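Asks: Okay, here's the structure, questions in a sec.
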Amino acid sequence: MTARSKGERPMRVMFIVYLAVVLVGLAYFLTLGVINR
């Protein structure tokens, strides 16, 4: 993870952040479903 090129590929960072948010949201809703079960 070298930060040599700062603004070269911002799409990759946004894509990783998007995947992280989606995974956290899925885990959150799954845990809610299991708890409310």
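Residue numbers for the sequence shown follow UniProt numbering, beginning at 1 and rising by one.
Don't be surprised by glycine CBs; every beta carbon is placed ideally from N, CA and C.
Treat the numbers as computed from the prediction; the structure is a model and nothing was measured.
If you reduce the DSSP assignment to three classes, tell me which class V37 lands in.
Replies: Here residue 37 refers to the residue found at position 37 of the sequence shown. As written in the sequence, residue 37 is Arg, which differs from the Val given in the question. Coil at R37, not helix or strand.
Asks: Straight-line CA distance for Y18 to M11?
Replies: Mapped onto the sequence shown, residue 18 falls at position 18. Mapped onto the sequence shown, residue 11 falls at position 11. Each residue's alpha carbon lies about 10 Å from the other.
Asks: Straight-line CA distance for L32 to M14?
Replies: By 1-based counting over the sequence shown, the position of residue 32 is 32. By 1-based counting over the sequence shown, the position of residue 14 is 14. About 27 Å.
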